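These notes concern the structure reproduced below.
Number of protein chains: 2
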Amino acid sequence: MGILERKEKQKLEIRKLILDASMKLFVEEGFSNVTIRRIADLIEYSPTTVYLYFKDKDEIFFSLHDIGFQKMEEMNRDLVTIENPLLRLHKMGENYIEFGLQNPEYYNLMFIQEEPMKKLSELGCDWVKGDSAISRLKATVTECMEKGYLKGDPHLVSLSVWSFVHGLVSLAIRERMEKFIPQKEMILPALKQSLNWMISNIEIDNRSK
Amino acid sequence: MGILERKEKQKLEIRKLILDASMKLFVEEGFSNVTIRRIADLIEYSPTTVYLYFKDKDEIFFSLHDIGFQKMEEMNRDLVTIENPLLRLHKMGENYIEFGLQNPEYYNLMFIQEEPMKKLSELGCDWVKGDSAISRLKATVTECMEKGYLKGDPHLVSLSVWSFVHGLVSLAIRERMEKFIPQKEMILPALKQSLNWMISNIEIDNRSK
DNA sequence: TTGGAATATTTACAGTGTTAAGTAAATTTG
DNA sequence: CAAATTTACTTAACACTGTAAATATTCCAA
Numbered sequence: 284m285g286i287l288e289r290k291e292k293q294k295l296e297i298r299k300l301i302l303d304a305s306m307k308l309f310v311e312e313g314f315s316n317v318t319i320r321r322i323a324d325l326i327e328y329s330p331t332t333v334y335l336y337f338k339d340k341d342e343i344f345f346s347l348h349d350i351g352f353q354k355m356e357e358m359n360r361d362l363v364t365i366e367n368p369l370l371r372l373h374k375m376g377e378n379y380i381e382f383g384l385q386n387p388e389y390y391n392l393m394f395i396q397e398e399p400m401k402k403l404s405e406l407g408c409d410w411v412k413g414d415s416a417i418s419r420l421k422a423t424v425t426e427c428m429e430k431g432y433l434k435g436d437p438h439l440v441s442l443s444v445w446s447f448v449h450g451l452v453s454l455a456i457r458e459r460m461e462k463f464i465p466q467k468e469m470i471l472p473a474l475k476q477s478l479n480w481m482i483s484n485i486e487i488d489n490r491s492k
Numbered sequence: 284m285g286i287l288e289r290k291e292k293q294k295l296e297i298r299k300l301i302l303d304a305s306m307k308l309f310v311e312e313g314f315s316n317v318t319i320r321r322i323a324d325l326i327e328y329s330p331t332t333v334y335l336y337f338k339d340k341d342e343i344f345f346s347l348h349d350i351g352f353q354k355m356e357e358m359n360r361d362l363v364t365i366e367n368p369l370l371r372l373h374k375m376g377e378n379y380i381e382f383g384l385q386n387p388e389y390y391n392l393m394f395i396q397e398e399p400m401k402k403l404s405e406l407g408c409d410w411v412k413g414d415s416a417i418s419r420l421k422a423t424v425t426e427c428m429e430k431g432y433l434k435g436d437p438h439l440v441s442l443s444v445w446s447f448v449h450g451l452v453s454l455a456i457r458e459r460m461e462k463f464i465p466q467k468e469m470i471l472p473a474l475k476q477s478l479n480w481m482i483s484n485i486e487i488d489n490r491s492k
């Protein structure tokens with residue numbers, strides 16, 4: 284069945300073509316400038332051809348949202364080398380902030396935009412990519428507690444830490460931080476400083492040892 | 284000049300009519316279902332009439348964003364009666380969370396959506412409503428420090444506290460919290476619990492007194 | 001070579017924000 | 001009071017959007 288295989292491969296190739304074009308538009312011109320017709324222009328097919336490979340526009344965005352998580356995972360690849368779980372948690376936070384600021388459009392799809400989640404509940408499946416990222420966070424927080432760097436309920440602390448960094452990133456990329464951080468180039472350092480402050484507040488003070 | 288005055292008043296009345304209609308659509312059917320034509324239908328004017336009172340759709344959203352801040356300020360009206368600044372900060376946080384969960388569409392315009400901020404920079408003026416809310420937060424945080432409830436840089440701490448509650452609310456209303464809080468009715472208590480945890484972590488321990 | 005399946009395009013629909021031109025009523029002016 | 005002008009509003013239209021149905025083209029096996 285070599286022929287069917289090849290066809291399958293071609294199908295995937297065009298899917299990739301569509302995703303690449305969407306990504307290009309999406310990253311270069313932002314969410315609202317990604318239209319089916321412009322995607323079609325880029326890949327030099329007619330607009331309706333796109334619908335042979337994706338059910339609708341939201342499915343394209345959902346795929347891009349997935350790719351976003353892959354990019355983020357890639358960024359966190361060498362995180363396992365950090366022995367100290369609290370340091371690892373800290374670095375996770377820094378990576379998260381950097382990823383968000385450097386890829387606002389991806390970040391948008393992953394954590395802000397409503398459409399990808401709508402698509403999920405439409406398909407009746409759960410947020411695999413998001414959930415596994417959450418699990419990694421939770422595992423690290425739990426390890427911090429086991430080794431005496433943090434205390435409290437790992438569930439509650441993970442939720443809180445994530446909310447904290449998400450708050451920083453999403454306020455920044457949605458331009459709500461200008462009063463706090465007027466200079467654009469100061470955003471990243473300011474957010475990292477805030478993260479420092481947060482972690483130093485929740486870590487157990489070991490100076491009494 | 285009684286006649287000019289009356290005309291001015293009528294103009295404002297229709298503006299209000301448009302805003303009320305937008306608000307209705309907006310709250311009842313969400314952001315994406317607010318269209319110029321549906322607004323026009325509700326107020327029983329032609330679509331183009333809307334443009335005699337608002338430059339474009341974004342200007343309508345900007346006005347609604349303003350109204351959102353008014354609603355929030357109203358909610359915080361009796362906050363001044365709380366003597367203890369840390370308790371007041373806590374209550375501010377709770378109000379913020381409740382406001383966000385109860386008015387997701389307003390919250391969206393105030394702190395998530397890009398359009399209102401674009402409109403601001405287009406007009407070249409600054410985020411008056413947002414900035415004054417930030418100032419109130421900062422004042423409370425500063426008072427907490429003066430009275431020995433908190434320590435550190437008020438600027439940094441305010442930014443962090445705000446980011447924290449914004450993170451909680453925005454992840455919740457954008458459906459990213461299902462893994463952490465599967466039951467919808469548990470969202471508000473869980474978010475409040477997280478706020479509790481946060482504040483108890485940053486407050487200066489006075490038990491040694 | 002022919003028939004059928006797969007793939008792609010054309011056409012079309014119903015919607016969007018927005019502008020320009022036209023109309024009718026209200027107001028000001030001679 | 002009548003004519004001119006301003007104001008308020010509507011109609012028609014443009015250039016888009018996502019998407020469905022019908023049509024055309026390409027490809028491959030019999």
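One line per chain: the protein sequences are P and X, in this order. Quick note on numbering: the first sequence equals residues 284 to 492 in our numbering. Quick note on numbering: the second sequence equals residues 284 to 492 in our numbering. Quick reminder that beta carbons are idealized off the backbone N, C-alpha and C, glycines included. All of these numbers come straight from a predicted model, not from anything done at the bench.
Cβ neighbour criterion (16 or more within 10 Å) applied to residue i
i	result
residue 399 (chain X)	buried
residue 408 (chain X)	exposed
residue 318 (chain P)	exposed
residue 388 (chain P)	buried
residue 487 (chain X)	exposed
residue 338 (chain X)	exposed
residue 334 (chain P)	exposed
residue 422 (chain X)	exposed
residue 369 (chain P)	buried
residue 305 (chain P)	buried
residue 491 (chain P)	Note that residue 491 (chain P) scores 49 on pLDDT, short of 50, meaning its location in the model is unreliable; the coordinates nonetheless yield the value given after this. Exposed: under 16 other Cβ atoms inside 10 Å.
Short Cβ contact (8 Å threshold) for residue i with residue j
i	j	result
residue 456 (chain P)	residue 351 (chain P)	no
residue 376 (chain X)	residue 478 (chain X)	yes
residue 440 (chain X)	residue 451 (chain X)	no
residue 300 (chain X)	residue 326 (chain X)	yes
residue 393 (chain X)	residue 378 (chain X)	no
residue 424 (chain X)	residue 380 (chain X)	no
residue 446 (chain P)	residue 372 (chain X)	no
residue 463 (chain X)	residue 420 (chain P)	no
residue 345 (chain P)	residue 402 (chain P)	yes
Test: residue i CB closer than 8 Å to a CB of chain P
i	result
residue 303 (chain X)	no
residue 476 (chain X)	yes
residue 352 (chain X)	no
residue 373 (chain X)	no
residue 376 (chain X)	no
residue 450 (chain X)	yes
residue 348 (chain X)	no
residue 406 (chain X)	no
residue 453 (chain X)	yes
residue 382 (chain X)	no
residue 329 (chain X)	no
residue 439 (chain X)	yes
Rounded C-alpha distance that separates residue i from residue j
i	j	result
residue 374 (chain P)	residue 431 (chain X)	31 Å
residue 435 (chain P)	residue 428 (chain P)	8 Å
residue 320 (chain P)	residue 476 (chain X)	47 Å
residue 329 (chain X)	residue 481 (chain P)	53 Å
residue 296 (chain X)	residue 367 (chain X)	42 Å
residue 411 (chain P)	residue 348 (chain P)	11 Å
residue 312 (chain P)	residue 396 (chain P)	16 Å
residue 343 (chain P)	residue 315 (chain X)	19 Å
residue 471 (chain P)	residue 307 (chain X)	39 Å
residue 386 (chain P)	residue 459 (chain X)	19 Å
residue 340 (chain P)	residue 465 (chain X)	28 Å
residue 469 (chain X)	residue 444 (chain X)	22 Å
residue 494 (chain X)	residue 336 (chain P)	Here chain X comprises residues numbered 284 to 492, so residue 494 (chain X) is not present and cannot be evaluated.
residue 263 (chain P)	residue 354 (chain P)	Residue 263 (chain P) lies beyond the residue range present for chain P, which begins at 284 and ends at 492; the question has no answer from this structure.
residue 467 (chain X)	residue 474 (chain X)	12 Å
residue 404 (chain X)	residue 309 (chain P)	22 Å
residue 363 (chain P)	residue 438 (chain X)	34 Å
residue 284 (chain X)	residue 461 (chain P)	Note that residue 284 (chain X) has pLDDT 43, beneath the 50 cutoff, so the model's placement of it is unreliable and the number below is only indicative. Taking the straight line from one Cα to the other gives about 43 Å.
residue 415 (chain X)	residue 332 (chain X)	33 Å
Within-8 Å CB hit, residue i to chain X
i	result
residue 309 (chain P)	no
residue 463 (chain P)	yes
residue 485 (chain P)	yes
residue 251 (chain P)	Given that chain P is displayed from residue 284 to residue 492, the structure contains no residue 251 (chain P) and the question cannot be resolved.
residue 339 (chain P)	no
residue 481 (chain P)	yes
residue 446 (chain P)	yes
residue 324 (chain P)	no
residue 431 (chain P)	no
residue 417 (chain P)	yes
residue 442 (chain P)	yes
**Prompt:** Which residue spans inside the stretch 307-339 of chain P form an unbroken alpha helix (DSSP H) run of at least 4?
**Reply:** 319-326 and 333-336
**Request:** Return the chain-ordered ranges of every alpha helix (DSSP H) run that is complete within the stretch 386-435 of chain X and spans a minimum of 4 residues.
**Result:** 387-390, 398-406 and 411-429
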